[in-house]
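Participant: Next up is a structure, given as structure tokens.
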Amino acid sequence: MKTKLRLSAHVLLIYSLLFSWPTAAHSAPPGLANQLPDLVENVIDGVVNISSTRFVKQWVLRGMPEFFGMFGIPEEHVSKQSSLGSGFLIDGDGYIITNNHVIEGADEVVITFRDNRRVPAKIVGRDKLMDLALLQLRGGKNNKNLKPVKLGNSDSVRIAEYVFAIGNPFGLGHTVTDGIISQKNRSIGIGVLDNFLQTNASINFGNSGGPLFNFKGEVIGINTAINGQGQLLGFAIPIDEARSKLEDLKKYGYIIRAWLGILGINITPAIQYNYDLPVDHGVAITDLVRSGPAADVGLKPGDIIVTLADKEIAARGDIQKILSKFKPGEKVAIGIRRGGKKLTYTVKLEVSPDTSKLPQEVL
-12 MKTKLRLSAH
-2 VLLIYSLLFS
8 WPTAAHSAPP
18 GLANQLPDLV
28 ENVIDGVVNI
38 SSTRFVKQWV
48 LRGMPEFFGM
58 FGIPEEHVSK
68 QSSLGSGFLI
78 DGDGYIITNN
88 HVIEGADEVV
98 ITFRDNRRVP
108 AKIVGRDKLM
118 DLALLQLRGG
128 KNNKNLKPVK
138 LGNSDSVRIA
148 EYVFAIGNPF
158 GLGHTVTDGI
168 ISQKNRSIGI
178 GVLDNFLQTN
188 ASINFGNSGG
198 PLFNFKGEVI
208 GINTAINGQG
218 QLLGFAIPID
228 EARSKLEDLK
238 KYGYIIRAWL
248 GILGINITPA
258 IQYNYDLPVD
268 HGVAITDLVR
278 SGPAADVGLK
288 PGDIIVTLAD
298 KEIAARGDIQ
308 KILSKFKPGE
318 KVAIGIRRGG
328 KKLTYTVKLE
338 VSPDTSKLPQ
348 EVL
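Counting from -12, one number per residue, gives the positions in the sequence shown under my numbering.
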């Protein structure tokens, strides 16, 4: 399943932190800037560089025209696809947080510390929808000189608060940049929880999965995306959102979510006009999972979901955000439009399957 990225004429969000033009960041004022060297020194050993490698097998033709003409002999060829990213240690057992897209599909993951130690790591759990992954160093707590960072409180972060990032941009390991929190709860059209922290601290290719620190030396965000057309527009997953999912990743390898068991598309004014629909917003059900929660109560393809838990639904992301607040086994009310009728159903939510194994993005 591929997580789709929405593009617009005004904002091009580069999901894997592709190239952005370097420019000077707004540095902290002298009083705070003087604190930065000590802050960085205290946390930088807890930040790691991540190299992931995927082995791709392909059949190629080894030509022997004197015997086999133009066809040649097929033989298996293995090529390597590598990517770079960042992460950070969160405890003495060797657990590391990063982005899912840094390690997705990887057959090998190697962690490089500031002192150039290289330690292989295993993927403990990952989640495509949130773009979150949890790794663990091979050997766990037996690794020496681990210096985990402290996780802060992203809910208490204030707009214009000074922050700094450490990561592996363009392969230049353990690079430090600083800036401010430009905005909170920023919706950028990616991820199941679309409420990113926006920062003007410079973030580039290779910073993915790295930490965004406050000036207490605490991690308040996971650097995840940039705006490819603007300068100094970076976006980080709030650490509180990630912290609440770590136990699921450790225990199950994926995040336990409640689901409805539906596939749907967003209703737009154009779709409303073309199909003569009763509303210009909501999510039209295109299919249902057999014996899923929504199918069991009688929802049908063609129904348009307009409310969930008494909250208006404009698009699929609204359903994802609302469901993230509920647990499997809880009941929610779904308001739909079926033809000219308004109907309400009560659905008992069930445990979602591992989203990394679903063929499509199912709500």
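Ideal Cβ positions, reconstructed from N, Cα and C, are used throughout, including at glycine. Computed from a predicted model, the values in this text were never measured in an experiment.
Exposed or buried, what is Ser69 when buried is set at 16 or more other beta-carbons lying within 10 Å of its beta-carbon?
Facilitator: Result: exposed.
Participant: In chain order, what are the residue ranges of uninterrupted alpha helix (DSSP H) at least 4 long that sit wholly in the segment 287 to 313?
Facilitator: If we require 4 residues or more, the alpha helix (DSSP H) runs fully inside the segment 287 to 313 come out as 303 to 310.
Participant: Indicate the three-state DSSP secondary structure (helix, strand or coil) for Gly18 in the structure shown.
Facilitator: The answer is helix: DSSP assigns Gly18 an H, G or I state.
Participant: Under three-state DSSP, which class holds Lys115?
Facilitator: Coil.
Participant: Would you identify the three-state DSSP class for Pro198, choosing helix, strand or coil?
Facilitator: Three-state DSSP puts Pro198 in a strand.
Participant: Is the separation between the beta-carbon of Gly251 and that of Ile272 shorter than 8 Å?
Facilitator: It is a contact, given that the beta carbons lie within the stated cut-off.
Participant: Report the residue from Tyr332, Lys308, Leu336 whose alpha carbon sits nearest the alpha carbon of Glu317.
Facilitator: Residue Leu336 is the option with its Cα nearest to Glu317.
Participant: Distance, Cα to Cα, Asn390 vs Arg104?
Facilitator: Because residue 390 is not part of the residues shown, which for the chain are -12 to 350, the question remains open.
Participant: To the nearest angstrom, how far is the alpha carbon of Leu133 from that of Ala257?
Facilitator: One C-alpha to the other measures close to 55 Å.
Participant: Counting only the same chain and skipping the five closest in sequence on each side, list residues whose C-beta sits under 6 Å from that of Ser174.
Facilitator: Same-chain partners within the cutoff: Asp181.
Participant: Residues in its own chain within less than 6 Å of Ile249 by CB, not counting five upstream and five downstream?
Facilitator: Around Ile249: Ile272, Leu275, Ala281, Leu350.
Participant: Can you have a look at Phe42 and say buried or exposed, based on whether 16 or more other CB atoms are within 10 angstroms of its CB?
Facilitator: Exposed, since its Cβ has fewer than 16 Cβ neighbours within 10 Å.
Participant: Report the CB separation of Val27 from Ser195 in whole angstroms; it is logged as a contact under 8 Å.
Facilitator: 20 Å between Cβ atoms; not a contact.
Participant: Quick check on this structure: which residue in Leu220, Gly127, Val284, Lys298 has the alpha carbon closest to the alpha carbon of Thr333?
Facilitator: The option with the nearest alpha carbon to Thr333 is Val284.
Participant: Is Ser189 closer than 8 Å to Arg244 when the C-beta atoms are compared?
Facilitator: Result no, Cβ atoms of Arg244 and Ser189 do not sit closer than 8 Å.
Participant: Leaving out five residues before and five after Val338 in sequence, what residues of the same chain have Cβ atoms less than 8 Å from its Cβ?
Facilitator: Hits under 8 Å: Ile243, Arg244, Ala245, Trp246, Pro315.
Participant: Hey, how far is the Cα of Asn201 from the Cα of Phe151?
Facilitator: C-alpha separation (whole angstroms): 7 Å.
Participant: Locate the beta strand (DSSP E) running through Ile249, then write down its first and last residues.
Facilitator: Looking at the DSSP string, the run of the beta strand (DSSP E) that includes Ile249 is 249 to 253.
Participant: Throw me the rounded Cβ distance for the Asn253 and Arg325 pair, which I believe falls under 8 Å.
Facilitator: Between Arg325 and Asn253 the Cβ distance is about 18 Å, and since that is not below 8 Å, they are no contact.
Participant: Compare the C-alpha of Thr186 against each of Ile167, Ile224, Ile110, Val97 and name the closest.
Facilitator: Looking at the Cα atoms, Ile167 is the closest of the given residues.
Participant: Just how far apart, CA to CA, sit Asn155 and Thr162?
Facilitator: So the alpha carbons of these two residues sit roughly 6 Å apart.
Participant: State yes or no: is the C-beta of Leu354 within less than 8 Å of the C-beta of Ile207?
Facilitator: In this structure the chain extends from -12 to 350, so residue 354 is not present and cannot be described.
Participant: Count the C-beta pairs between the segment 113 to 129 and the segment 229 to 242 that are closer than 8 Å, then say yes if the count reaches three, no if not.
Facilitator: The answer is yes - the segment 229 to 242 touches the segment 113 to 129, with three or more Cβ pairs under 8 Å.
Participant: Per DSSP, what kind of secondary structure is Asn103 in: helix, strand or coil?
Facilitator: Asn103 falls in the coil class under three-state DSSP.
Participant: Run the CB neighbour count on Gly18, radius 10 Å, all protein chains shown included, and call it buried at 16 or more, exposed below.
Facilitator: It counts as exposed.
Participant: Which class does Val43 belong to by DSSP, given the choice of helix, strand or coil?
Facilitator: Three-state result, Val43: strand.
Participant: Mind checking whether Lys237 and Val136 have CB atoms under 8 Å apart?
Facilitator: Not in contact: Lys237 and Val136 (Cβ atoms no closer than 8 Å).
Participant: Roughly how many angstroms lie between the CA atoms of Asn191 and Leu330, to the nearest whole one?
Facilitator: If I take the Cα positions, the gap works out to 48 Å.
Participant: At which residues does the beta strand (DSSP E) containing Asp165 begin and terminate?
Facilitator: Element bounds for Asp165: 162 to 173.
Participant: Based on the DSSP secondary-structure assignment, which residues constitute the bridge partners of Gly331?
Facilitator: Here the sequence assigns Thr to residue 331, which means Gly is not the residue at that position. Answer by DSSP bridge pairing, in chain order: Gly322.
Participant: In the DSSP output, what is Glu95 paired with across the bridge?
Facilitator: Thr40, per the DSSP bridge assignment.
Participant: Nearest to Ala212 by CA position, among Ile292, Glu348, Asn86, Gly33, is which residue?
Facilitator: With distances taken between Cα atoms, Ala212 lies closest to Asn86.
Participant: Spatial neighbours of Ala320 within its chain, please: CB distance less than 6 Å, with the 5 preceding and 5 following residues excluded, ordered by chain position.
Facilitator: Excluding positions up to five away in sequence, the list reads Thr331, Thr333.
Participant: Which residue from Leu138, Ser38, Tyr82 puts its Cα closest to that of Ala93?
Facilitator: Checked all of Leu138, Ser38, Tyr82; the closest Cα to Ala93 is Ser38.
Participant: Which residue from Ile292, Gln307, Gly279, Tyr262 puts its Cα closest to that of His268?
Facilitator: It is Ile292.
Participant: Which value, in whole angstroms, describes the spacing of the CA atoms of Pro107 and Lys44?
Facilitator: Roughly 22 Å between the two C-alpha positions.
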